[in-house]
Amino acid sequence: MHEVQEILPGRPLAAFLQSAGSGWNEGTQATYRRALQELQGYMAAHGPPTVQSLQAWRQSLRETYSLRSINLRIAAANHYFRWCERPDLVMHHERPAKTPSPELSRSEYLRLLRAARAQGQRQLYLLVKLFALTGLPLQCLGQVTAAVVRAGGGELSCRGQPFALCLPDSLQRELLAYMEEQRTGSGPLFVSRSGRVVNRSHLCRSIQELCRAAGVPEEKGSPRCLRALWRSTQDRLHADMEQQIRNIYSLLLQAEEETAGWSAGA
Numbered sequence: 001m002h003e004v005q006e007i008l009p010g011r012p013l014a015a016f017l018q019s020a021g022s023g024w025n026e027g028t029q030a031t032y033r034r035a036l037q038e039l040q041g042y043m044a045a046h047g048p049p050t051v052q053s054l055q056a057w058r059q060s061l062r063e064t065y066s067l068r069s070i071n072l073r074i075a076a077a078n079h080y081f082r083w084c085e086r087p088d089l090v091m092h093h094e095r096p097a098k099t100p101s102p103e104l105s106r107s108e109y110l111r112l113l114r115a116a117r118a119q120g121q122r123q124l125y126l127l128v129k130l131f132a133l134t135g136l137p138l139q140c141l142g143q144v145t146a147a148v149v150r151a152g153g154g155e156l157s158c159r160g161q162p163f164a165l166c167l168p169d170s171l172q173r174e175l176l177a178y179m180e181e182q183r184t185g186s187g188p189l190f191v192s193r194s195g196r197v198v199n200r201s202h203l204c205r206s207i208q209e210l211c212r213a214a215g216v217p218e219e220k221g222s223p224r225c226l227r228a229l230w231r232s233t234q235d236r237l238h239a240d241m242e243q244q245i246r247n248i249y250s251l252l253l254q255a256e257e258e259t260a261g262w263s264a265g266a
């Protein structure tokens, strides 16, 4: 007797491919059939499909296949489980592992500023400063308006989450002077000649070109690296302040001990 191929009871793979895959070409059908047969074989040895068993299956794929091959198999499984009306078994696709951004030092940051100044690129100079001194997300650049600069900052929206922009006094003065030079009375501050907000790709290329001129590794030429510099500087300053507070507190307690301690009058 021919064994019915199915991952979930009563849901044959052949019926799924005939029903859900009617619009797929032969290559896609064949690829999905093989992927689902692999999954059926795994589940036959490891128990029925559950969130936990599917996670174990995903881990087994990581040990054998490339990212693209893993996601192809997950896509086939997700199509099948949706057809079976089991959204609880649908899985997220694998994502490439994030590589840490290279660290930009403050001395390299200052070299970028000097190179921009030497080239007469005032807008790029200010953009480098803006990211490095405020931690502004690139997505929020269009929200840096004339009104925000006059106010010294404000609450921006970054992917639905609030971001508190606080402009240091020195940077605010430079931005106000730039606004006056550009005759910007309202709207976004950093725009192209056509009046549109500076293009992200163009901005990243410009920072990389500035890196070459400044003798800074190009891989450090991104708003992300500039933001990371802001964050690491803030962390270091907070750590230094906490240490100073501990030192001052220790001196205070020592002085109190000398005047009111148990053995002060001995």
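Following UniProt numbering, the numbering of the sequence shown begins with 1 at its first residue and continues without gaps. Using N, Cα and C, we set each Cβ at its ideal position, and we do this for glycine too.
Can you give the Cα-Cα distance for residue 202 and residue 131, rounded to whole angstroms?
-> 16 Å
Range covered by the beta strand (DSSP E) that runs through residue 161 | 161-166
In its own chain, which residues sit with a C-beta less than 6 Å from the C-beta of residue 260, not counting the 5 before and 5 after it?
-> none
Is residue 50 buried or exposed, if buried means 16 or more other CB atoms sit within 10 Å of its CB?
-> exposed
Pick from 235, 11 and 170: whose alpha carbon is nearest that of residue 82?
-> 11
For the alpha helix (DSSP H) containing residue 226, list its first residue and its last residue.
-> 223-260
Between which two residues does the alpha helix (DSSP H) containing residue 209 stretch?
-> 200-214
Name the residue from 196, 194, 93 and 219 whose alpha carbon lies nearest to the alpha carbon of residue 206.
-> 219
C-alpha gap between residue 179 and residue 165, whole angstroms | 18 Å
So what does DSSP say about residue 170, is it helix, strand or coil?
-> helix
Determine contact between the segment 65-77 and the segment 181-193, defined as no fewer than three beta-carbon pairs at a distance below 8 Å.
-> no
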